[in-house]
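Okay, so here's the structure we're looking at.
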Amino acid sequence: MPYVNLAGLIPDYIKNFDPYIPSKPDPELMKLYGCDKLYRLNNNENPLGPPPTAREVIGRFEPPRSVLYPSGDSYYLRKRLAEKYALDPDQFLVGNGANEVIAFVIKAFCQEGDNIITADKTFAVYEWVASFSGFQARLVPLKDFGFDAAAMLDAVDERTKILFVCNPNNPTGTYWDEQGLRRFLTRINGSRIVVVDEAYCEFVESPDFPDGMRLIEEFPNLVVFRTFSKMYGLAGLRIGYLAGSPEVVDIIRRTCVVYSVNVLAQDAALAALSDDEHIVRTRALVKAEKAYLAAELASMGLMTQSGEGCFVMVRLPMNDTLAYRRLMSHGVMVRSMTGFRFPNWIRVSIGRHEAMEAFIGALGDILERT
Amino acid sequence: MLTEISLERPHRTNRLATYLDMSFFSLTMSFVEESAAAFGMEAGDTTRLRLASEELFTYLAESDQKGNAVSVEAYDGWYYVGVKFLLKTAPPEIPISHPPGKGALEPGEDLADMGLIIASRFVDRLNVLHDSRSGYGVGLTKEKTYPGTEAPAKAPVRALTQFRVGRPETETLKYFVRQVTAYYPAGSFPVDFSFPAKVADMVAEGHYRVLVATDGGADVAGGILWRTQGTRTIEAFGPYLFDQPPEHGMSEALVDGLLGEVVRTEAICLTDIYPTPELPEGYFELLGSMGHTKADGHKEPWPIYYRQLKEDPGSSVWAHPDLVPFLRQEYDRLYLARDIRLTPGGGEMRPAHPLFSVELDRIQSSATLHLIWDGADAPAILEQHLKMLKAEGFLDIFFTIDLAHAFEANLAPVLIRQGFSPRLIFPHAGEADIVAFQYEGQ
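In the order they appear, the protein sequences are chains S and R.
Note that the first sequence ends on residue 369 in numbering that gives the first Met the number 0; no numbers are left out.
Note that the second sequence ends on residue 441 in numbering that gives the first Met the number 0; no numbers are left out.
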């Protein structure tokens with residue numbers, strides 16, 4: 000077997016990068032933790048699943064269609080998105096989940112020596128993609144659980160290419176209102192790309208929440224991310240997209256991997272977009288279960304951070320990674336927040352009431368025995 | 000004064016490609032000596048490093064390795080000089096366990112003439128290097144001599160309600176180190192703290208990382224230190240606070256700062272091996288306790304705390320049935336989901352001779368043994384190692400087994416019979432969990 004000098008082949012930024020290890024499949028976890036049921040409350044999935052329109056499309060999918068490549072650029076889905084948001088189809092790029100479009104944008108605009116700016120305690124993938132691509136991720140501390148616009152602007156230098164804002168923020172649920180976002184975009188004044196990740200926007204009912212799609216024309220350096228994994232319940236099919244001005248999207252398209260979105264995902268997403276009732280039902284469930292959690296967690300004397308979105312953060316009087324293991328032994332899977340730089344916090348996704356009761360019961364049990 | 004600029008400086012390395020032939024002895028020794036001197040090592044330390052290298056080279060050149068190519072690397076670790084003898088083309092027989100060509104050792108045979116052991120007496124650390132990709136070798140480490148400081152007096156610090164946590168500049172770091180030794184009793188901090196300049200060099204080398212809490216100016220009110228062990232474990236020391244009330248949250252801020260720096264690295268576990276009373280509640284779990292033997296022979300408990308940095312994915316481990324009760328008890332206590340696979344032993348043929356690595360730390364008077372590969376005469380060889388280590392005066396002897404390897408797990412009953420007790424499980428510290436045994440005596 001030939002000797003492979005791996006050490007000499009690997010860039011330093013890859014050597015120093017920690018691969019993300021996803022959790023094992025449920026049957027394996029249940030076996031390891033000795034539980035006969037597992038409530039997954041760690042990934043902010045929609046407990047109602049996909050909208051009925053999408054379910055119907057998925058259910059009647061004809062296996063012979065698997066033999067053909069899908070539309071390489073999600074043609075019909077982009078057309079439908081353009082109608083919905085009054086933009087041009089060429090202003091959209093669809094990816095294999097929103098994670099993929101993050102990589103498209105970073106690859107399109109960053110070169111050696113460049114940096115991106117985001118918050119220290121937010122969705123980690125902006126930081127990860129920048130880091131393993133060899134670019135510096137400048138992390139600005141949150142202020143009162145929210146993105147600190149002034150500090151982000153202060154962090155900009157001549158090598159800053161992209162600023163990522165998660166709105167509402169995962170995991171804190173805080174958001175910039177329209178006035179705040181406009182102010183930020185005005186200060187940037189077109190000099191950098193501003194990405195606003197709106198993965199959870201469909202959960203927000205507040206009237207002052209900005210619709211990034213409507214700001215694209217006014218701010219051509221704005222790129223908006225959306226996903227079908229959260230509100231639309233299609234996380235298992237991996238489909239998300241970005242929207243931006245024609246000039247910006249034309250650049251990003253050059254780094255876009257075509258044919259990465261499968262045909263079933265495209266069909267299901269297309270169908271999901273027409274089901275507004277699903278959003279109403281999901282919002283009602285999230286609202287009711289958040290209220291239930293707020294009351295129960297308050298009665299336990301626990302601090303919470305719950306803004307917009309289908310999740311709640313809970314501060315525990317114990318190490319969150321220990322809480323994760325102990326909750327797992329009760330069949331409840333949450334997200335430990337050390338990795339988000341919120342040590343001793345957990346994030347629990349909103350699920351059906353049965354799952355919320357299981358979580359509260361398990362949490363009460365482990366705290367009682369601590 | 001704080002700075003966000005890394006203090007770390009890269010290693011400088013000299014390399015010599017030569018042969019394990021006594022014709023090249025002088026050349027190699029000159030290389031080692033001149034390199035050490037060029038790296039700023041004082042004459043006495045340079046001589047000791049040379050003497051160790053002489054023993055090692057002679058030992059290897061008279062072994063089965065005779066005539067083989069060797070790559071000698073001398074590198075400047077700022078606070079130490081290291082020398083590696085890398086044997087990339089060597090056959091898989093590094094004579095650490097017993098002299099080459101002598102076959103298996105007979106019980107009672109004296110190991111005191113082993114070249115490697117003699118070499119170890121001149122340096123601070125000696126370890127066998129074993130990497131399936133790089134090959135094999137032996138490493139020597141000699142730390143530089145630093146001026147000590149007189150026992151510093153406590154410099155009172157006002158209680159800070161507002162403070163900043165960040166990396167210190169060199170003088171701030173040295174001030175922090177002196178304050179730690181003034182505020183805390185010996186044994187609460189690494190022995191390196193007796194030499195602030197050494198700690199500064201250790202931070203520069205990347206051995207330690209440190210965060211301090213200041214008022215934004217010259218007042219240093221506390222700090223925390225850590226280092227990486229392997230790729231998946233971070234070892235922390237502290238936190239150390241100077242006259243700061245707990246309600247101000249400085250301890251939590253320091254631990255939060257440390258976590259912020261390490262959570263998105265490869266590390267999976269954070270252990271605190273020098274915990275202080277200021278360790279914030281709720282952040283760590285008690286992993287267990289080792290024993291630390293002081294120079295007067297008194298053994299005191301050495302509690303070790305830990306927290307995982309990532310969600311534990313659960314895993315499978317190998318275990319000999321004799322170790323299962325300990326593992327079950329500890330895994331249950333720590334809520335670690337593990338599928339324990341038994342290694343009953345199938346009567347298959349085994350190689351005759353095992354290979355142990357021995358890491359000697361003369362500063363801490365500790366030795367850590369590890370089985371690199373299995374051999375039928377492992378019990379006899381282990382017994383000889385113990386005899387030698389005790390004769391050399393090592394106060395604490397540890398043995399680690401990586402539960403990723405059945406052949407290592409199978410050594411548990413041998414260890415227990417020879418006076419070792421399983422003390423701790425370090426989750427994910429090796430390829431799987433590592434069990435640390437400590438020698439308790441027969």
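Each residue gets a CB set at the ideal place from its N, CA and C atoms; glycine is no exception.
- DSSP places Thr185/S in the helix class (H, G or I) of the three-state scheme.
- Listed by position along chain S, the residues whose Cβ is nearer than 7 Å to that of Asp255/R are Pro342.
- Looking at the backbone, the Cα of Arg346/S and that of Arg334/S are separated by about 5 Å.
- At a cut-off of 8 Å between beta carbons, Leu28/S contacts chain R.
- In the displayed model, Arg14/R falls within a strand according to three-state DSSP.
- Here Leu55/R really is in contact with Phe84/R; their C-beta atoms are around 6 Å apart, less than 8 Å.
- Straight through space, the alpha carbons of Gly290/R and Trp301/R are spaced by roughly 5 Å.
- DSSP places Pro274/R inside the beta strand (DSSP E), whose first and last residues are 268-274.
- For Leu366/S, there is no enclosing beta strand (DSSP E); the enclosing alpha helix (DSSP H) has its first and last residue at 352-367.
- Contact between the region 147-158 of chain S and the region 108-127 of chain S is present: 3 or more CB-CB pairs across the two stretches fall below 8 Å.
- The beta carbon of Gln110/S sits closer than 6 Å to no other beta carbon from its chain once the five residues preceding and following it are set aside.
- One alpha carbon belongs to Thr275/R, the other to Phe236/R, and they sit about 8 Å apart.
- About 5 Å separates the Cβ atoms of Phe38/R and Val80/R, confirming a contact at the 8 Å cut-off.
- DSSP places Met336/S outside both helix and strand once states are collapsed to three, so it counts as coil.
- Contact fails between the region 318-328 of chain R and the region 17-29 of chain S, because fewer than three Cβ pairs, one in each stretch, are under 8 Å apart.
- The criterion of a C-beta distance shorter than 8 Å is not satisfied by Thr342/R and His369/R.
- Below the 8 Å Cβ cutoff, chain R contributes no neighbours of Arg39/S, its closest Cβ being approximately 13 Å away.
- Ser298/S and Gly360/S have their alpha carbons spaced roughly 13 Å apart.
- Any Cβ of chain S closer than 8 Å to the Cβ of Ala336/R would place that residue at the interface, and such an atom is present.
- In this structure, Pro140/S lies away from Tyr282/R, with their beta-carbon atoms at least 8 Å apart.
- Counting along the chain, Thr180/R sits inside the alpha helix (DSSP H) bounded by residues 169-182.
- Between the C-alpha atoms of Leu315/S and Ile233/R there is a straight-line separation of about 23 Å.
- Sorting Thr27/R, Thr46/R, Asp401/R, Ala36/R by C-alpha distance to the C-alpha of Leu59/R places Thr27/R at the top.
- Taking every protein chain shown into account, the CB of Tyr75/S has fewer than 16 other CB atoms within 10 angstroms, so this residue is exposed.
- Following the DSSP letters along the chain, one finds Pro195/R inside the alpha helix (DSSP H) bounded by residues 195-204.
- When Cβ-Cβ separations below 8 Å define contact, Pro312/R makes contact with chain S.
- The DSSP assignment places 405-408, 411-416 as complete runs of the alpha helix (DSSP H) inside the region 391-434 of chain R, in order along the chain (cut-off: 4 residues).
- Residues of chain S with a Cβ closer than 8 Å to the Cβ of Thr264/R are, in chain order, Asn15, Asp17.
- At a cut-off of 8 Å, the C-beta of Thr171/S has no neighbouring C-beta in chain R.
- Using a C-beta cut-off of 8 Å, the region 257-266 of chain S makes no contact with the region 314-328 of chain S, since fewer than three inter-stretch Cβ pairs fall below that distance.
- Taking each of Phe121/R, Val71/R, Lys65/R in turn and checking the Cα distance to Asp44/R, the smallest one comes out for Phe121/R.
- About 16 Å separates the beta carbon of Ile278/S from that of Met212/S, a gap too long to meet the 8 Å contact definition.
- In the structure shown, Cys200/S falls within a helical segment according to DSSP collapsed to helix, strand and coil.
- Linking Asp207/S to Tyr240/S through their CA atoms gives a straight-line distance of about 23 Å.
- Shown here for Lys173/R: same chain residues with a beta carbon closer than 6 Å to its own, the five before and five after excluded, namely Pro195, Ala199 in chain order.
- Taking the Cα of Arg157/R as reference, the smallest distance to any Cα among Gly215/R, Gln178/R, Pro167/R, Phe241/R is reached at Phe241/R.
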